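In the working numbering, the protein residues as written are 3 to 658. Working notes for the structure below.
Dropping the structure here:
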């Protein structure tokens, strides 16, 4: 297997050169057939790009138009006879504005045809270079950009600015002892080119290169300056971004370097690829890089920031890949691989993308700014490129804006388009659109995500959701209840009145009554709201039209005395014009019970007083007066003692 090229004029047509001739795929499904129609050849080495097709050549050559199966013969015998050299190392290249201009390089000599290869004439002086360059030049021996042609031998570089009428040696500004070249022209600026050179510091005839570097030209090859200094690491390939000449890549043995400032500075992309052989940039999506090594293909969809080894699950299938890789410009994601032992291997990069809404509201409100978010995800197995998310806004949406994680968005009318270069495996991104609906209505919003590559499951690439745009409501909650309770054992009754002051209906209402700590819920009920089982304080209602009100009743008991603050809050799925009246609070003071009256103390009974002994009968005629006096004194003393005892009981005095 020598070279492979995709036909940009068709979806599935790919051409491959080999010693068996040309292999053509016209089905895109890995079915190949050998094609010799119009050409008798068994060894095909190269393809030459043209505006309307490709040139291919060996001992015989042909022009293959895009989209055509039959190849148109090119009179190579006339070329051989003109330049007097015959070789299987034939290279054909288109030049000029049409496909009629053809350059043929054979054995160090160049022929030119201006009639599509019917007649030829030799141009320039014969080029000598020890070994025919095509055996070592990975990028070919002749390079055309505008009217400039660079011809490369193994040791020299020649330049023509008149479509090959004359050539001049421009090797003077390159290192001496050159041994091989790898050249890449910029498509966007044809005067810019990069050349990877391998030099031999040892005497001629010895094996091995010793120094390697990258040189750059800004004048289409007239002069060259050092861009990447000489070093001891083999330069395998160079490539230039087809859309930006400031972006260039150098594939070294074991690493990959990138410059974004025209070769002034280089950074190591650390691709982790050993034995790197080829670097190919996607012609339509230059952020996609494909690296071919002796052990497989490594792919980047973001200019080398991250890499995927292809394929992850079947590495042994491609273990012999060591030739080349090309992408199909008509079918992004389709890779054709030239292998040393397994002929042509085709792989379809097919990441599975999905988009889903990120908890959007079911209803929108007139004149209320809204933000809707969607999550886009790559479910694998490969990284995706060329991501596009498309959304449709409702008619009349105002103040619309959109954003995408690491991407850009644009809005045309009601159509939103957000793009980003890559979506890596299991690294989701978010699309957010903001707008203000201006009229009450219902609309269907469609959101879709796609990638450049084929998606194996399109069912999750689209999500459709219907939204209702309604007038806003103004909810209000009032909480009534006792301000004072005379006893903690009494049942406390509260009433939450929820009303909608309009102008629109409120939907999906939720009322939460927060009882103060220390109040034990006894019951919660409503004829309209659905309240959860006892023990909780939440109630829901599907809708409350404007101008209506509903009541929730709650009973509770206090576990202690004190002041208890309870509250009620109402919320809804619809927009509320005022949040100030969505909350109500009430304080209830619970009194401690009165202390019981003290029990009366028993009155102490007076102690019986000892009675004086009975007086002896008075004797007649003597001492009778003294007895009467004594009795009177005793009676007076007893009366005084009683008075003292009574005053002592009243707490005014104490008995001494």
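Don't be surprised by glycine CBs; every beta carbon is placed ideally from N, CA and C. Being a predicted model, the structure only gives us computed values, none of them experimental.
Top-ranked residue by Cα proximity to residue i, from the options
i	options	result
residue 545	483, 572, 524 and 566	572
residue 269	307, 166 and 235	307
residue 252	243, 298, 244 and 237	237
residue 440	410, 401 and 456	401
residue 149	155, 158 and 162	162
residue 509	155, 294 and 531	531
residue 547	444, 498, 476 and 192	476
residue 496	265, 373 and 588	588
residue 559	523, 456 and 92	523
residue 257	458, 81 and 295	295
residue 301	370, 526 and 387	387
residue 92	112, 74 and 194	112
residue 336	427, 506, 241 and 457	457
residue 428	399, 411, 187 and 354	354
residue 124	154, 86 and 158	86
residue 465	356, 525 and 507	356
residue 201	157, 223 and 242	157
residue 121	76, 590 and 154	76
Spatial distance of residue i from residue j (CA atoms)
i	j	result
residue 552	residue 415	44 Å
residue 168	residue 152	11 Å
residue 519	residue 512	22 Å
residue 655	residue 491	With a pLDDT of only 39 at residue 655, under 50, the local geometry of the prediction cannot be trusted, and no value is derived from it.
residue 174	residue 79	35 Å
residue 103	residue 179	34 Å
residue 528	residue 594	31 Å
residue 673	residue 119	With the chain running from 3 to 658 in the structure shown, residue 673 is simply not present.
residue 292	residue 360	35 Å
residue 367	residue 471	5 Å
residue 662	residue 394	Here the chain covers residues 3 to 658 and nothing more, so residue 662 does not appear.
residue 38	residue 94	Unreliable placement is indicated for residue 38, whose pLDDT of 38 sits below 50; the coordinate value is still reported in the next sentence. One C-alpha to the other measures close to 18 Å.
residue 255	residue 107	29 Å
residue 327	residue 349	10 Å
residue 261	residue 271	10 Å
residue 246	residue 267	16 Å
residue 298	residue 197	26 Å
residue 265	residue 189	16 Å
residue 2	residue 423	Because residue 2 is not part of the residues shown, which for the chain are 3 to 658, the question remains open.
residue 172	residue 193	15 Å
residue 250	residue 312	23 Å
residue 199	residue 351	34 Å
residue 504	residue 549	6 Å
residue 114	residue 164	12 Å
residue 399	residue 303	35 Å
residue 455	residue 413	24 Å
residue 484	residue 500	19 Å
residue 411	residue 419	6 Å
residue 488	residue 557	16 Å
7 Å Cβ shell around residue i - same chain, five flanking residues per side excluded
i	result
residue 586	479, 480, 481, 569 and 570
residue 430	377, 378 and 379
residue 117	102
residue 373	434 and 436
residue 231	215
residue 176	159, 199, 217 and 226
Which residues DSSP lists as bridging residue i, in chain order
i	result
residue 218	196 and 227
residue 518	DSSP lists no partner for residue 518.
residue 512	542 and 573
residue 239	253
residue 292	282 and 301
residue 593	DSSP output for residue 593 lists no bridge partner at all.
residue 270	259
residue 94	106
residue 359	376
residue 113	106 and 124
residue 567	589
Own chain residues within Cβ distance below 6 Å of residue i, not counting five before or after
i	result
residue 305	289
residue 407	431 and 432
residue 425	380, 386 and 389
residue 375	360, 432 and 434
residue 369	none
Sequence-distant residues of the same chain with beta carbon closer than 8 Å to residue i, five excluded per side
i	result
residue 444	468, 469, 470 and 471
residue 463	355, 356, 357, 450, 451, 452 and 457
residue 578	474, 475, 476, 477, 508 and 584
**Runs of beta strand (DSSP E) lying entirely within the segment 415 to 501, each at least 3 residues, in chain order** = 417 to 425, 431 to 438, 443 to 452, 464 to 472 and 477 to 482
**Prompt:** Considering only residues of the segment 161 to 194, which uninterrupted beta strand (DSSP E) runs meet the minimum length of 3 residues and lie entirely inside it, listed in chain order?
**Reply:** 180 to 187
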